[in-house]
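To convert a position in the sequence shown, counted from 1, into our numbering, add 7.
We treat Cβ as the ideally placed atom computed from N, Cα and C, and that holds for glycine.
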Amino acid sequence: MKSVQKHAIWRRKGTFILAATGSAVGLGNIWKFPYIAGENGGGAFVLMYLLCICLIGLPVMVAEVLLGRRGRANPIMAVQAVTRESGSSRGWNVIGLFGVLAGFLILSYYSVIAGWTLEYVTTAARGGFVGLDGESAKRAFEALNANKSALVQWQTAFLCMTVLVIVFGVTRGLETAVRVLMPLLFVLLVVLMVYAAYVGDFAAGASFLFSFKFSELSLKGLSLALGHAFFTLSLGMGAIMTYGSYMPSHHSIVKTVLIVGILDTVVALMAGLAIFPIVFATQGVSPGDGSGLMFISLPIVFGAMPFGTIFGTLFFLLVTLAAWSSAISLLEPAVAYLIQRFRFHRLSANLLIASLAWLLGLGTVMSFNDWSDSTYFLGMNFFNFIDFITASVLLPLGGVLMAIYVGWFMQRRSLRSELRQESRKTFTRWFTIVRYVSPALVLLVFLIGLYGKFAG
Ligand code: PHE
């Protein structure tokens, strides 16, 4: 393929793992997972989510990395290169376009939520968590959301941070950040978990997350679990494909994907184990409290803990960083596309996409105050709608198209060559899953989800 010589390849072993983990571990794990698990029956949701990760997420992730590495370009052009090589229809190029769109839409609301974490860094540092109880923590969160100019200010700050990294080149700064700070986030989550177990109701929290009640299974929960599997692994939109395109060809894709998948899942479960014991031990806070769950429960822990001001500041700072390394991967595919396809300058491509994401993000800002009760968009407010369209529609759709493409249309020879490090048995297993199981499951859940949505 022509683009091979032109495209940079990461030299250091482990850079893919770092970058992919940086992309995967983010607000999805620490903010989103606990609150959607809380709203959808705890254990039943967690079980469905874990099944979706194993049967769909990981196999599709292998497919996505493989496409990127084979195509060696941004998502749209990588897919084009691979379809050219396999002589398949150009219609497949929609995969890349969907991805660029999904990344952009997610970035628009992601930056508003990351804005909350920035605000909480400053609140923690000012000692604002000291002595918080359920009621006052809730009031503080509501007060932030009523303050539109603060929300916009933090959203803007976060987008500027993201643009800055992409303009000055992704790998070096990010690599160091991820290498040092991700392990620190991990350690801090352990500390939080232990402390939450000590002051909170650990038994209730753990049983909520891990005891499975059949009656709690719901169609809505299933479709959310599937969507979240894609969201949390950054799948189906080209982020992982972009990173795959930089991966040296002698590394094992399956092994790397397993490491990233395990790390990502562990972080989500740890966040859940830090948050729910507090939720169950605090008056006025309940698992179904929605998108503010982390911002209401964790400040209570920090407020009660020795050195809570320092730990709290550090924690929200690290969450912001995790969000930052995810946001970069949301923005990069679109930017790379404008550069490679339309010869945009890197800076102008960045500024264009980030400004549009900022503008669209104002809709999310309004969804937490003036428009919170609006049902204008398929019965949802703007933020819930964008979240639905991306996590429940675009990402699974992009992912399933990748699986179908790789399973049915790509030359077997190219697949075998990209996965030559794997044993024949592993290859066959993966191939069967990607060819039959994942697409069938995604389509099923997808139809069920749409049915549930529109049938009430
Ligand atoms: N995986 C990220 C998270 O969990 C979000 C994300 C989705 C990033 C899609 C890139 C692409 O927060």
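- Compute every distance between the C-beta of Ser-30 and the non-hydrogen atoms of the ligand PHE, then say whether any falls below 8 Å. At least one heavy atom of the ligand PHE is nearer than 8 Å to the Cβ of Ser-30, so yes.
- Message: Pull the bridge partners of Met-373 from the DSSP assignment, please.
- Response: Met-373 pairs with nothing; no bridge assigned.
- Task: On the DSSP bridge assignment, give the partners of Phe-384 in chain order.
- Result: According to DSSP, Phe-384 bridges with Met-387.
- Item | Touching by the beta-carbon criterion (3+ pairs, under 8 Å), the stretch 366-375 and the stretch 104-120 | The stretch 366-375, when compared against the stretch 104-120, does touch it at the 8 Å Cβ threshold.
- Inspect the beta-carbon positions of Val-264 and Leu-65 and report whether they are closer than 9 Å. Yes, they are a contact pair.
- Message: Let me check understanding here. Comparing Cα to Cα, which of Cys-59, Lys-39, Gly-33 lies closest to Phe-453?
- Response: Ranked by Cα distance from Phe-453, the options Cys-59, Lys-39, Gly-33 are led by Cys-59.
- Start and end of the alpha helix (DSSP H) containing Thr-169? Note, Thr-169: alpha helix (DSSP H), 155-174.
- Alpha carbon of Ser-381 to alpha carbon of Leu-300, nearest angstrom: The alpha-carbon atoms of Ser-381 and Leu-300 are separated by roughly 21 Å.
- Pull up the distance between the alpha-carbon of Ala-144 and that of Ile-260, whole angstroms please. If I take the Cα positions, the gap works out to 44 Å.
- Is there contact between the stretch 412-423 and the stretch 229-241, where contact requires at least three CB pairs shorter than 8 Å? Taking a contact to require three or more Cβ pairs closer than 8 Å, the stretch 412-423 and the stretch 229-241 do not qualify as touching.
- Among residues of its own chain, excluding the 5 on either side of Glu-142, which ones have a beta-carbon nearer than 6 Å to its beta-carbon? Around Glu-142: Gly-291.
- Using a Cβ-Cβ cut-off of 6 Å (strictly less than) and excluding sequence neighbours within five positions of Glu-149, which residues of its own chain qualify? If the five residues before and after Glu-149 are omitted, its C-beta is found closer than 6 Å to no C-beta atom of its own chain.
- Message: Our contact map puts Ala-85 next to Met-277 with C-beta atoms below 8 Å; I'd like the distance itself, whole angstroms only.
- Response: With 8 Å as the limit, Ala-85 and Met-277 do not qualify as a contact, their Cβ atoms being about 34 Å apart.
- Exposed unless 16 or more other CB atoms sit within 10 angstroms - verdict on Leu-457: A residue is called buried when at least 16 other Cβ atoms come within 10 angstroms of its Cβ; Leu-457 does not meet this threshold and is exposed.
- Message: Which of the three DSSP states is assigned to His-235 in this structure?
- Response: Helix at His-235.
- Task: Give the secondary structure of Asn-47 by DSSP, where H, G and I count as helix, E and B as strand, and everything else as coil.
- Result: In the structure shown, Asn-47 sits in coil (DSSP, three-state: anything other than H, G, I, E or B).
- Message: Assuming contact is defined by CB atoms lying nearer than 9 Å, are Glu-126 and Trp-161 in contact in what I supplied?
- Response: Yes, the Cβ-Cβ distance between Glu-126 and Trp-161 is below 9 Å.
- Query: Under the criterion of a Cβ to heavy atom distance below 8 Å, does Ile-113 qualify as lining the ligand PHE?
  - Reply: Correct: Ile-113 has its Cβ closer than 8 Å to the ligand PHE.
- Message: Is Thr-169 close to the ligand PHE? I mean its beta-carbon at under 8 Å from any heavy atom of the ligand.
- Response: No; taking the cut-off as 8 Å, the Cβ of Thr-169 has no heavy atom of the ligand PHE nearer than that.
- Task: Check the C-beta distance from Pro-294 over to Phe-283 and give it rounded, since I have them as a contact under 8 Å.
- Result: With a Cβ gap of about 7 Å, Pro-294 and Phe-283 count as contacting.
- Item | DSSP three-state assignment for Thr-28, whether helix, strand or coil | In the structure shown, Thr-28 sits in a helix (DSSP, three-state: H, G or I).
- Through-space distance from Arg-76 to Tyr-253, alpha-carbon basis: Tyr-253 and Arg-76: Cα-Cα distance of roughly 7 Å.
- Sub-9 Å separation of Val-274 and Asn-36 beta-carbons: Yes.
- Item | First and last residue of the uninterrupted alpha helix (DSSP H) at Gln-347 | Here the alpha helix (DSSP H) through Gln-347 covers 315-349.
- For Met-254, does the three-state DSSP call read helix, strand or coil? Three-state DSSP puts Met-254 in coil, outside helix and strand.
- Message: For Ala-44, count the other beta carbons within 10 Å of its own beta carbon; 16 or more makes it buried, fewer makes it exposed. Which is it?
- Response: Ala-44 counts as buried, since at least 16 other C-beta atoms from the protein chains shown sit within 10 angstroms of its C-beta.
- Query: When every heavy atom of the ligand PHE is checked, does at least one fall within less than 8 Å of the C-beta of Lys-145?
  - Reply: Not so, every heavy atom of the ligand PHE lies at least 8 Å from the Cβ.
- Task: Can you grab the Cα-Cα spacing for the pair Met-200 / Leu-25, in whole Å?
- Result: Just so you know, the alpha carbons of Met-200 and Leu-25 end up roughly 24 Å apart.
- Query: Does the ligand PHE have a heavy atom nearer than 8 Å to the CB of Tyr-117?
  - Reply: Yes, the beta carbon of Tyr-117 sits closer than 8 Å to at least one heavy atom of the ligand PHE.
- Task: Can you grab the Cα-Cα spacing for the pair Val-89 / Val-107, in whole Å?
- Result: Their Cα atoms are separated by approximately 18 Å.
- Query: Under the criterion of a Cβ to heavy atom distance below 8 Å, does Leu-34 qualify as lining the ligand PHE?
  - Reply: Yes, the beta carbon of Leu-34 sits closer than 8 Å to at least one heavy atom of the ligand PHE.
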